[in-house]
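Counting from 121, one number per residue, gives the positions in the sequence shown under this note's numbering. Using N, Cα and C, we set each Cβ at its ideal position, and we do this for glycine too. Quick caveat: nothing in here was measured; it's all calculated off a predicted structure. Heads up: the structure comes next, in structure tokens.
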Amino acid sequence: MPGLSLHTEACVLQRLPPAERFQQLQAFSADHGPLRCLQRIATRPAAAPLDLFDEADLWLESSSQGRTWFIKEARVLAHHGAIGRSYDALRLASAFTGIIARNPVHEDGWAGLGALLRQTLAAFGGSNRPDVVFFKALYCFARDEGYPVKQEWARDLGAADRAAVADLLGRPLAEQAAAAAAVTRLTRRLEDYLRDHTEILLE
């Protein structure tokens with residue numbers, strides 16, 4: 121059976137341990153969904169490996185009917201290197217892309233998830249409030265997956281917390297003034313709800 125070929129744009133969600141001469145990558149394409157990719161480990165400086173969070177134009181081939189894709193050529197479209205300058209941004213961005221990697225999304229949701237992913241990575245790299253970025257991204261991911269986070273989770277919060285959630289979601293990042301401890305507490309409550317009432321895998 122002949123191999124498959126694919127040309128798509130995708131974002132690197134995870135860099136996994138190398139296998140023989142290949143770097144293993146988990147990527148996501150708004151057009152084709154999750155992609156398990158192998159990139160040959162470069163023996164020459166010109167062939168730089170893809171980095172975590174890179175958005176890239178990929179030329180792929182598969183001999184396993186799409187279960188694994190070999191990267192024949194890659195052109196980086198956006199490199200979110202600024203995320204790595206902050207430990208908290210790197211930690212929370214990695215946590216969010218890990219959630220995407222662990223939770224397959226229905227084909228109808230690929231385009232929306234791709235847009236959320238691009239927006240979120242840009243925000244992690246350009247904001248000094250990665251805690252707020254993570255909260256907003258996790259909330260939007262759960263909402264877009266059809267879970268009633270507004271109608272059920274937020275409804276059951278106290279009035280002050282409901283107002284704080286509305287402010288976090290509605291206020292631009294540059295204007296966020298919520299205390300870090302309050303954002304952490306609301307994020308933990310959201311995560312507890314997702315663990316207990318949804319099928320979303322957080323870890």
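Please work out which residues of its chain come closer than 8 Å, Cβ to Cβ, to residue i, disregarding the five sequence neighbours upstream and downstream, and give them in chain order.
| i | result |
| --- | --- |
| His152 | Leu126, Thr128, Ala130 and Trp230 |
| Ala302 | Ala284 |
| Leu236 | Ala257, Cys260, Phe261 and Asp264 |
| Lys270 | Arg263 |
Per DSSP, what are the beta-bridge partners of residue i in this structure?
| i | result |
| --- | --- |
| Arg156 | Gln146 |
| Ile191 | Leu180 |
| Ala198 | Glu175 |
Apart from the five residues on each side of it in sequence, which residues of its chain come closer than 7 Å, Cβ to Cβ, to residue i?
| i | result |
| --- | --- |
| Leu289 | Lys256 and Tyr259 |
| Ser247 | Val253 and Leu293 |
Counting along the chain, where does the alpha helix (DSSP H) carrying residue i start and finish?
| i | result |
| --- | --- |
| Gln134 | No alpha helix (DSSP H) holds Gln134; the beta strand (DSSP E) holding it covers Leu124 to Ala139. |
| Ala327 | The structure shown does not extend to residue 327, since the chain is modelled only from 121 through 323, so no value can be given for it. |
| Ala274 | Here Ala274 belongs to no alpha helix (DSSP H), and DSSP marks it neither H nor E. |
Using 7 Å as the threshold, is the C-beta distance between residue i and residue j below it?
| i | j | result |
| --- | --- | --- |
| Arg250 | Ala294 | Checking the sequence shown, residue 250 turns out to be Pro, not Arg. Going by C-beta atoms, Pro250 is not nearer than 7 Å to Ala294. |
| Gln85 | Ala221 | This structure cannot settle anything about residue 85, because the visible part of the chain is limited to 121 through 323. |
| Ala194 | Leu170 | yes |
| Trp189 | Ser183 | no |
Note down, in chain order, each residue of its chain lying with its Cβ closer than 6 Å to the Cβ of residue i, except the 5 sequence neighbours on either side.
| i | result |
| --- | --- |
| Leu212 | Pro250 and Phe254 |
| Lys192 | Trp179 and Glu181 |
| Leu233 | Val225 |
Could you tell me which whole beta strand (DSSP E) segments of length 3 or greater appear in the region 277 to 305? With a minimum length of 3 residues, no continuous beta strand (DSSP E) run stays inside the region 277 to 305.
Note down, one range per segment and in chain order, each beta strand (DSSP E) of at least 3 residues found wholly within the region 199 to 267. Runs of the beta strand (DSSP E) inside the region 199 to 267: none found.
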